[in-house]
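Novice:
In the working numbering, the protein residues as written are 3 to 159.
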């Protein structure tokens, strides 16, 4: 969810963070249907860091640049195969589907806030033996208590 706190307007779509190098590098390149917003958290507030390219983009997007206080410094609908830089230094960039700017009624100086959508992690079964816990892996006839790591190591040898 992204909110224009100045205007009281809210966009209720999915919001993801690009808060490390790899996520920022990938961005929205080669995404065929941009149906979520991606918030770039930049390492420094500068114009150079906040410039974007639209190479390898499969669709146009709305882009909003924010300073460290989350105030809008620039915004536009970015077209494919072009390069863009904000008017002023930015710390955050919001990239989303075309229509995001209109929905939020964005203007320079507006205060923008967001709540990232929780991503569900994948569960992976892991065998673990923790002292004082129940061992469900090694017992053939039921449950066995593991008293210490030494006891487990002794059983393995």
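Backbone N, C-alpha and C define an ideal beta-carbon position, used for all residues, glycine too. Being a predicted model, the structure only gives us computed values, none of them experimental.
Are there 16 or more other CB atoms within 10 angstroms of the CB of residue 14, so buried, or fewer, so exposed?
Specialist: Residue 14 sits at position 12 when you count from the first residue of the chain shown. Flag for residue 14 reads exposed.
Novice: DSSP three-state call for residue 32: helix, strand or coil?
Specialist: Numbered from 1 along the chain shown, position 30 holds the residue referred to as residue 32. Residue state, collapsed to three classes: coil.
Novice: Hey, residue 91 and residue 115: beta-carbon distance below 8 Å or not?
Specialist: For this step, residue 91 is matched to residue 89 along the chain shown. For this step, residue 115 is matched to residue 113 along the chain shown. Contact flag unset, no.
Novice: Put residue 113 into one of helix, strand or coil per three-state DSSP.
Specialist: As a working mapping, residue 113 is identified with position 111 in the chain shown. Looking at residue 113 - three-state DSSP - the assignment turns out to be strand.
Novice: Could you tell me how far apart the beta carbons of residue 7 and residue 63 are, in whole angstroms, since I believe they sit closer than 8 Å?
Specialist: Residue numbering aside, residue 7 sits at position 5 when the chain shown is read from its first letter. Residue numbering aside, residue 63 sits at position 61 when the chain shown is read from its first letter. That pair is no contact at about 22 Å.
Novice: Considering only the alpha carbon of each residue, which of 3, 75, 50 and 23 lies closest to residue 12?
Specialist: The count along the chain shown starts at 1 and reaches residue 12 at position 10. It is 3 whose Cα lies nearest to the Cα of residue 12.
Novice: Leaving aside the five residues before and after residue 80 along the sequence, list all residues of the same chain whose C-beta is less than 6 Å from its C-beta, in chain order.
Specialist: Locating residue 80 in the chain shown gives position 78, where the first residue counts as 1. Only 56, 63, 65 and 86 meet the Cβ criterion.
Novice: What's the C-alpha gap between residue 110 and residue 39?
Specialist: Counting from 1 along the chain shown, the entry for residue 110 is found at position 108. Counting from 1 along the chain shown, the entry for residue 39 is found at position 37. Each residue's alpha carbon lies about 19 Å from the other.
Novice: Output yes or no for whether 8 Å exceeds the beta carbon distance between residue 36 and residue 20.
Specialist: Numbered from 1 along the chain shown, position 34 holds the residue referred to as residue 36. Numbered from 1 along the chain shown, position 18 holds the residue referred to as residue 20. No, the Cβ-Cβ distance between residue 36 and residue 20 is not below 8 Å.
Novice: Determine, using beta carbons only, whether residue 59 and residue 106 come nearer to each other than 8 Å.
Specialist: Along the chain shown, read from residue 1 onward, the residue named residue 59 stands at position 57. Along the chain shown, read from residue 1 onward, the residue named residue 106 stands at position 104. Against a cut-off of 8 Å, the Cβ pair of residue 106 and residue 59 comes out as no contact.
Novice: Starting from residue 49, trace the beta strand (DSSP E) both ways and give me its first and last residue.
Specialist: Counted from its first residue, the chain shown places residue 49 at position 47. Premise fails: residue 49 is in no beta strand (DSSP E) and is neither H nor E.
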